[in-house]
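Okay, structure first, notes after.
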Amino acid sequence: MSKKKMILDLDTGIDDALALAYALADPDCDLIGIIGSYGNVYVEQGVQNSLNLLTLLGAENVPVYLGAKHSSQTDSFKVLPVSAQIHGDNGVANIQLPKAQRTFEQKSGIDFLIEAAHKYKDQLLFVPTGPLTNLAQAVKKDPEIIDLIGRVTLMGGALTVPGNVSPSAEANIHQDPEAANDVFQTHLPLTMVGLDVTTRTLLTRKETKCWRELNTQAGTVYADLVDYYIEAYKTTNPHLDGCALHDPLAVGVAIDPSLVNKIKLNLKVETKAPFEGRTIGDETRLNDSKVTTDVAVNVDKIRFLDKFMNRLTPLFAAH
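Residue numbers (the numbering used here): 202 to 520.
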């Protein structure tokens with residue numbers, strides 16, 4: 202059986218960096234490209250971070266594409282102060298990574314996604330870990346891909362817990378609620394990996410100590426990234442006693458859906474204040490016979506963390 206093909210859609214901050222490493226390290230998928238988005242950083246910075254991390258991890262063959270620079274409803278974007286606080290001004294804990302000797306591809310990320318959907322069809326796994334602007338644009342440009350993509354596993358949203366930018370909204374969905382609502386209104390096969398499960402999967406200094414002791418460049422860089430992230434969490438989420446593995450969990454679930462318990466629910470996203478960005482059941486589609494969205498509501502956190510460390514540690518040891 203051929204490996205699934207994966208495209209990551211990243212606004213490359215610290216947990217995106219961990220998601221990138223997971224996708225490279227997992228033997229059950231083939232990372233065929235990365236599309237950049239705005240969010241934790243400006244899209245140009247995120248794309249450069251992805252290129253630099255791929256070089257660090259010996260994966261210069263993975264192409265990186267430029268995606269949307271701002272939401273579907275605005276003509277510009279400004280990084281939120283809390284994003285800089287959590288991820289650093291450059292998205293990677295203010296570490297100066299060795300610069301990649303290549304640049305992003307000339308083809309747009311939207312066109313890359315559309316072409317990949319037509320080429321790989323149900324073998325394609327698309328994992329957006331930032332706003333859903335790129336996916337919404339691709340669907341608008343070529344609605345056929347709705348019936349082609351194997352599965353979209355997104356990091357975003359919150360159904361059973363509060364949001365992290367407001368009591369009702371999670372950050373990625375809140376960046377472009379209109380685009381997210383457009384995506385949820387399609388019959389794309391979606392899995393929402395939201396705060397319901399990501400805040401249960403935590404990394405601590407025990408794990409970063411393991412990476413630091415590898416005495417490799419990648420091990421040290423990633424230990425520094427996560428230690429910075431853990432320090433930021435002491436301010437923003439002091440109750441968690443670690444940092445949440447938001448984006449890598451989405452990658453893990455895309456490859457192994459059995460890591461989470463899910464409920465089927467047609468969702469909508471509130472686009473107006475005061476609940477802007479809230480992901481909730483769509484009352485107009487509650488009785489539809491076809492439900493294509495799975496919402497993760499519980500996670501086997503011990504098994505996921507075991508898989509996470511067993512994949513990333515050998516990758517870091519080799520680089």
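All residues carry an ideal CB built from backbone N, CA and C; glycine is no exception.
Secondary structure of residue i, DSSP reduced to three states
i      : result
Ile464 : strand
Phe476 : coil
Tyr321 : helix
Ala218 : helix
Leu396 : helix
Lys341 : helix
Pro282 : helix
Gly453 : helix
Lys205 : strand
Ile481 : strand
Phe305 : coil
Buried or exposed by the 16-neighbour rule on C-beta atoms within 10 Å, applied to residue i
i      : result
Asn365 : buried
Gly259 : exposed
Ile235 : buried
Arg352 : buried
Glu345 : exposed
His388 : exposed
Thr213 : buried
Asn467 : buried
Ser490 : exposed
Thr399 : buried
Asp210 : buried
Ala339 : buried
Endpoints, the alpha helix (DSSP H) within which residue i is located
i      : result
Leu349 : Looking at the DSSP string, Leu349 is not in any alpha helix (DSSP H), and its letter there is neither H nor E.
Asp425 : 418-437
Leu252 : 244-257
Lys407 : 406-413
Ile374 : 372-376
Inter-residue Cα distance where the pair is residue i and residue j
i      : j      : result
Tyr429 : Lys300 : 20 angstroms
Glu432 : Gly289 : 11 angstroms
His271 : Asp217 : 18 angstroms
Gln249 : Phe517 : 20 angstroms
Asp507 : Leu460 : 11 angstroms
Pro449 : Leu221 : 8 angstroms
Gln324 : Gly237 : 21 angstroms
Val265 : Glu245 : 11 angstroms
Met202 : Pro332 : The predicted position of Met202 is uncertain, since its pLDDT is 47 and thus under 50; a value taken from the coordinates is nonetheless stated next. Near 32 angstroms, if we compare the C-alpha coordinates of Pro332 and Met202.
Phe509 : Val427 : 14 angstroms
Glu477 : Ala372 : 11 angstroms
Gly240 : Leu513 : 25 angstroms
Gln286 : Ala294 : 9 angstroms
Asp227 : Gly358 : 25 angstroms
Gln307 : Leu267 : 8 angstroms
Leu314 : Asp483 : 27 angstroms
Asp330 : Asp276 : According to the sequence displayed, residue 330 carries Thr and not Asp. So the two alpha carbons sit approximately 21 angstroms from each other.
Asn291 : Ile456 : 29 angstroms
Cβ shell of residue i (< 8 angstroms), same chain only, five flanking positions each side left out
i      : result
Gly443 : Leu403, Leu404, Thr405, Ile431, Tyr434
Lys463 : Thr392, Asp495, Val496, Ala497, Val498
Ala317 : Lys206, Ile208, Ile233, Gly234, Leu325
Thr436 : Gln286
Terminal residues of the beta strand (DSSP E) in which residue i lies
i      : result
Ala497 : 494-500
Gly358 : Element bounds for Gly358: n/a, residue is neither H nor E.
Gly234 : 230-237
Own chain, CB closer than 6 angstroms to residue i, minus 5 neighbours either side, in chain order
i      : result
Val362 : Leu396, Asp397
Gln274 : Glu379
Lys205 : Cys230, Gln324, Leu326
Thr409 : Ala424, Val427, Asp428
Val452 : Ala220, Tyr223, Ala224, Val328
Close beta carbons around residue i, own chain, < 7 angstroms, minus the five adjacent residues each side
i      : result
Thr472 : Pro378, Glu379, Asn382
Arg401 : Val500, Lys502
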